[in-house]
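What follows is one structure encoded as structure tokens, with my remarks underneath.
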Amino acid sequence: MTAESPSSRVWLVPTPVGNLGDITLRAVEVLRGADAVACEDTRRTGALLTHLGIRRPLVRLDAHTMHRAPAVLEEHPRLAYVTDAGTPGISDPGAELVRAAVAAGVPVEVLPGPTAFVPALVLSGLPGARFTFEGFLPRSGRERRERLAAVAARAETTVLYESPHRLADTLGDLAGACGPERQASVTRELSKRFEETARGTLADLAAHFSGEVRGEIVVVVAGRPAGEAAPGEEVPDPTALARGWADEGRSARDIRELLIARGLRKNDAYALALRVTSSS
């Protein structure tokens, strides 16, 4: 297929992450008008199309069969593509289909619609003006450790996906990398009957989700607090800092808050603030 086929087109169609009422009118229109609907799971997508009263040929295009994309594009000039849930191209094979379509000169449209990480970010209550989407962390090894260290060092909020059976391990690893007191949230079952968003420290969340967990998971982790040293950075001596602030005439309360902002535990910060102000 080449750009000489003016009617050729690929649509990436977002599908609901939970509540089927979140499908858009335009998504329904595109699915009805496509020559075929490519998808990750024909049974799951077939159930969705049946619910919508749509009959279209289904073609499996997942991570294991995406090598067939050029042939599928040739056979079905007007192709709609959906993943199991949410917007295709985010942590799924949709991005590979886009590359195949671009290489074949086929126009691509991405419809706006449901996605999991945006509502989870908003629900977290953490700063969302700047954030990094990590997708799924590597399961093990050096790459996982490096990505965890990057999350710990990052000043902005981090959003990532996780599977239910790996959630407890990931929360524990995040607590080890970022510190147990780092604020975070876990959202699961978005837009479904048992939707839940839990907020607290990474240590609290690791304890809360230590048992069996169900549903799709979005984890949101607060950025590194201002003044806290990033991994590999030299940590200033807190005693020297506190004495310098005391010499400037700062109160014990101010010094305590400054020390806490730099990562010192509350009790240690309080004791050090009292010590340097009483001796100055």
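1 is the number of the first residue of the sequence shown in this note's numbering; add one for each residue after it. Glycine residues also receive a C-beta, built at the ideal position from the N, C-alpha and C atoms. Treat the numbers as computed from the prediction; the structure is a model and nothing was measured.
- Leucine 190 carries a coil assignment under DSSP once its states are collapsed to helix, strand and coil.
- In this chain, threonine 45 is not harboured by any beta strand (DSSP E); it is covered by the alpha helix (DSSP H) spanning 42-52.
- A direct Cα-Cα distance of roughly 6 Å separates arginine 56 from valine 37.
- Under the Cβ criterion (8 Å, minimum of three pairs), the region 129-136 does not count as touching the region 186-199.
- In the DSSP assignment, threonine 132 falls within the beta strand (DSSP E) that extends over 131-136.
- Distances from the alpha-carbon of threonine 45 to those of Val59, Gly33, Gly179, Val108 put Val59 closest.
- Taking the C-beta atoms as reference points, valine 159 is found no nearer than 8 Å to alanine 198.
- In terms of Cα proximity to glutamate 162, the closest of Pro107, Val219, Glu212, Ala177 is Val219.
- Remark: C-beta atoms of valine 221 and isoleucine 255 do not approach each other more closely than 8 Å.
- Between glycine 89 and leucine 12, the CB-CB gap stays under 8 Å.
- Put simply, the backbone Cα of leucine 137 is about 44 Å away from that of arginine 250.
- Closest by C-alpha distance to alanine 226, out of Ala155, Ala203, Gly176, is Ala155.
- Remark: C-beta atoms of leucine 73 and alanine 104 approach each other more closely than 8 Å.
- If you draw a straight line from the Cα of glutamate 40 to the Cα of glycine 86, it is about 12 Å long.
- Here DSSP, grouped into helix, strand and coil, assigns valine 218 to strand.
- Secondary structure note for glutamate 162: its beta strand (DSSP E) is the uninterrupted segment 157-162.
- At the C-beta level, proline 77 and serine 8 come within 8 Å of one another.
- Secondary structure at glutamate 196: strand, using DSSP grouped into helix, strand and coil.
- Across the structure, proline 14 and threonine 115 are spaced so that their CA atoms are roughly 8 Å apart.
- Between arginine 26 and leucine 111, the beta carbon gap of about 6 Å places them in contact (Cβ cut-off 8 Å).
- One thing to note: alanine 34 has its Cβ no nearer than 8 Å to the Cβ of alanine 69.
- By the CB criterion at 8 Å, leucine 202 and arginine 182 fall inside the cutoff.
- Relative to aspartate 237, the option among Ile217, Arg253, Glu248, Leu258 whose CA is nearest is Leu258.
- Arginine 188 is a Cβ neighbour of valine 213, given a cutoff of 8 Å.
- Here DSSP, grouped into helix, strand and coil, assigns alanine 153 to helix.
- Note on geometry: alpha-carbon atoms of leucine 274 and alanine 175 lie some 30 Å from one another.
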